[in-house]
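In this note's numbering, the protein residues as written are 6 to 296.
In this text, a Cβ means the ideal position worked out from N, Cα and C, and glycines have one as well.
Note sheet for the following structure.
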């Protein structure tokens with residue numbers, strides 16, 4: 006089902022920090038401290054926006070889908086979620102760039118004194134996960150104001166479900182909506198609903214809901230710094246993840262090698278909307294919101 010709608014993201018131009026170019030995705034060349042400062046500035050600015058976290062999976066999805074690449078381009082911020090993005094950024098001269106992962110970013114925002122007056126809404130996970138995460142975060146951060154939760158349906162939302170969710174969010178008016186649906190569904194969800202939700206920032210944090218409720222075990226820090234968290238995740242859930250990594254990892258290595266050798270130039274220019282309707286930022290696609 007295709008719906009035509011002008012999103013707020015296409016109307017707002019956000020000032021950006023220096024960026025690293027990783028194939029078709031331009032990533033803010035930040036560390037965690039700088040990321041938090043940018044988030045604080047966005048919340049104070051009065052603008053609306055969404056924040057993407059880009060790892061190899063998201064970058065390769067955007068590489069194959071130019072409409073998704075446009076969604077990344079219109080984000081208020083795109084964080085380097087994964088060491089491969091950091092290594093490419095450092096190669097391009099962004100030496101202070103560090104990994105800013107979704108689960109870590111969520112905890113840093115919850116703990117940050119600059120965000121103590123912000124209100125939060127949790128949208129994602131399977132049945133009961135958002136409520137469990139709410140209780141976990143309240144226990145760990147008593148000062149945090151979590152005003153509501155929502156579990157997306159297994160399939161696309163109906164018109165009635167869309168209206169109910171919009172009414173709920175607009176009544177609560179959360180400053181921040183955390184979206185844990187998985188890439189690329191969460192990026193499309195944020196781009197689609199930003200204009201109609203009464204909120205300031207939406208964050209697509211993927212598996213953060215499952216990490217913080219113990220459904221996914223975290224790995225040692227050295228595993229993350231060596232860029233091997235994908236392998237740890239694969240060993241925990243091979244049935245669901247082996248196809249993703251088999252499809253994405255070799256393709257990413259080949260494509261990024263061509264970029265770094267100067268044999269390919271990125272980001273590619275968007276295709277004309279007339280030739281490719283999916284390149285039109287006004288065209289939105291309703292997709293399944295499964296984990």
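Buried/exposed call for residue 49, threshold 16 Cβ in 10 Å: Answer is exposed; the Cβ neighbour count stays below 16.
Residue 47, enclosing alpha helix (DSSP H) - first and last residue: First-last of the alpha helix (DSSP H) with residue 47: 37 to 50.
Outcome for residue 75 when other beta-carbon atoms lying within 10 angstroms are tallied against a minimum of 16: The residue is buried, with at least 16 neighbouring Cβ atoms inside 10 Å.
Where residue 31 sits in the DSSP three-state scheme: The three-state reading of DSSP puts residue 31 in strand, counting E and B together.
At least 3 beta-carbon pairs within less than 8 Å: the segment 245 to 255 vs the segment 45 to 59: Judged by Cβ distances under 8 Å, the segment 245 to 255 makes no contact with the segment 45 to 59, as fewer than three pairs qualify.
Residue 174 versus residue 157: straight-line alpha-carbon distance, rounded: The straight-line gap from Cα to Cα measures roughly 13 Å.
Nearest-angstrom Cα separation, counted from residue 27 out to residue 36: For residue 36 and residue 27, the distance between alpha carbons rounds to 16 Å.
Proximity of residue 162 and residue 184 at Cβ, strictly below 7 Å: No, the pair does not count as a contact, with Cβ atoms beyond the cut-off.
Contacting residues, own chain, Cβ-Cβ under 6 Å from residue 106 (five flanking each side not counted): The answer, listed in chain order, is 86.
Nearest-angstrom Cβ-Cβ length linking residue 180 and residue 204, presumed shorter than 8 Å: The beta-carbon separation of residue 180 and residue 204, rounded to 7 Å, stays under the 8 Å limit for a contact.
Residue 112 versus residue 192 - alpha carbon distance: Going by C-alpha positions, residue 112 is about 20 Å away from residue 192.
Cβ-based burial, residue 25 [other Cβ within 10 Å; buried from 16]: So residue 25 counts as buried.
Rounded straight-line distance, which links the Cα of residue 268 to that of residue 83: Here the C-alpha atom of residue 83 lies approximately 25 Å from the C-alpha atom of residue 268.
Start and end residues, beta strand (DSSP E) containing residue 217: Note, residue 217: premise wrong, no beta strand (DSSP E); alpha helix (DSSP H) at 213 to 217.
Among 241, 135 and 124, nearest to residue 177 - alpha-carbon criterion: Checked all of 241, 135 and 124; the closest Cα to residue 177 is 124.
Cut-off 7 Å between Cβ atoms - residues of its own chain near residue 297, not counting five sequence neighbours on either side: Since the first residue shown for the chain is 6 and the last is 296, residue 297 is missing from the structure and cannot be characterised.
Among 235, 95 and 221, nearest to residue 227 - alpha-carbon criterion: Among 235, 95 and 221, the Cα nearest to that of residue 227 belongs to 235.
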